[in-house]
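Each residue of the sequence shown is one higher than the last, beginning at 7 in our numbering. For every residue, glycine included, the Cβ atom is placed at its ideal position computed from N, Cα and C.
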Amino acid sequence: MARGRPSKKQHILDIAEQLFSKFGYQGTSIDLVVRESGVSKPTVYNNFPSKKVLLQTLIHRQIELSMAQQSAVISDKTDGYDKIHTLFCHLVNSPFALALLRMFYGEVQKLDADNLALCQLFERQFEQSCDEILTDIIDHQPTTLVIVAIYKNGILNKALSGLTQLSAEELQQQIKVLRI
7 MARGRPSKKQ HILDIAEQLF SKFGYQGTSI DLVVRESGVS KPTVYNNFPS KKVLLQTLIH
67 RQIELSMAQQ SAVISDKTDG YDKIHTLFCH LVNSPFALAL LRMFYGEVQK LDADNLALCQ
127 LFERQFEQSC DEILTDIIDH QPTTLVIVAI YKNGILNKAL SGLTQLSAEE LQQQIKVLRI
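Below is the structure:
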């Protein structure tokens, strides 16, 4: 293999990530991955015995990436609200992270138990990072839930719906109105 050139396995993962991001779980097939990646079906199946395993590998990769991003944001010295905003921006600026949430919320009945558990882990990990940031600035659980809900509505729900996201200033204004 030439230096700097991704392995076939990595290439398959990258193409599959794009396809799951664009078409969701139901709309992505192994045949589509084969066609778009330009590799043979046996090559795909040698690396990933099923669509389920392919998706699991992608979810694990996204969880690792998200954990690294969240750790960096948490350890940053910026304001807590800026950190929360940054976490949500990382989430909505990742096509595959958004696709995971779409699959989790919209295709849950089509996901097998293992992939469903991984999607739940992905969401839970994100919420724990939000809680960790907010408990440093607010020591009141109901208040942290309200703040996360404001950010979910202002950024995540709008991104999932294809609507314009609220800016950091607009979100902070909503929080100020609540006197939080």
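Mapping the DSSP letters down to three states, classify residue i as helix, strand or coil.
{"i": "E113", "result": "coil"}
{"i": "V193", "result": "This structure does not reach residue 193, given that the chain is present from 7 up to 186, and the question cannot be answered."}
{"i": "I181", "result": "helix"}
{"i": "I144", "result": "coil"}
{"i": "T150", "result": "helix"}
{"i": "S167", "result": "helix"}
{"i": "L172", "result": "coil"}
{"i": "Q24", "result": "helix"}
{"i": "P48", "result": "helix"}
What is the C-beta distance between residue i and residue j, in whole angstroms, given that I count them as a contact (C-beta under 8 Å)?
{"i": "Q131", "j": "M73", "result": "6 Å"}
{"i": "L25", "j": "V40", "result": "The pair is not a contact, with the Cβ atoms about 11 Å apart (cut-off 8 Å)."}
{"i": "S135", "j": "L93", "result": "6 Å"}
Would you say residue i and residue j are within 8 Å of each other, going by their C-beta atoms?
{"i": "L19", "j": "L64", "result": "yes"}
{"i": "G160", "j": "L184", "result": "no"}
{"i": "K89", "j": "V79", "result": "yes"}
{"i": "L172", "j": "K182", "result": "no"}
{"i": "E133", "j": "V114", "result": "no"}
{"i": "T110", "j": "C125", "result": "One detail in the question is off: residue 110 reads as Phe in this sequence, not Thr. Cβ distance < 8 Å, so F110 and C125 count as in contact."}
{"i": "Y51", "j": "K116", "result": "no"}
{"i": "V45", "j": "K14", "result": "yes"}
{"i": "Q68", "j": "F29", "result": "no"}
{"i": "I156", "j": "G86", "result": "no"}
{"i": "L140", "j": "T150", "result": "yes"}
{"i": "L42", "j": "F102", "result": "Checking the sequence shown, residue 42 turns out to be Glu, not Leu. Not closer than 8 Å, so no."}
List, from N- to C-terminal side, the alpha helix (DSSP H) runs of 4 residues or more that fit wholly inside the region 61 to 138. Counting only runs of 4 or more, we get 86 to 98, 101 to 112.
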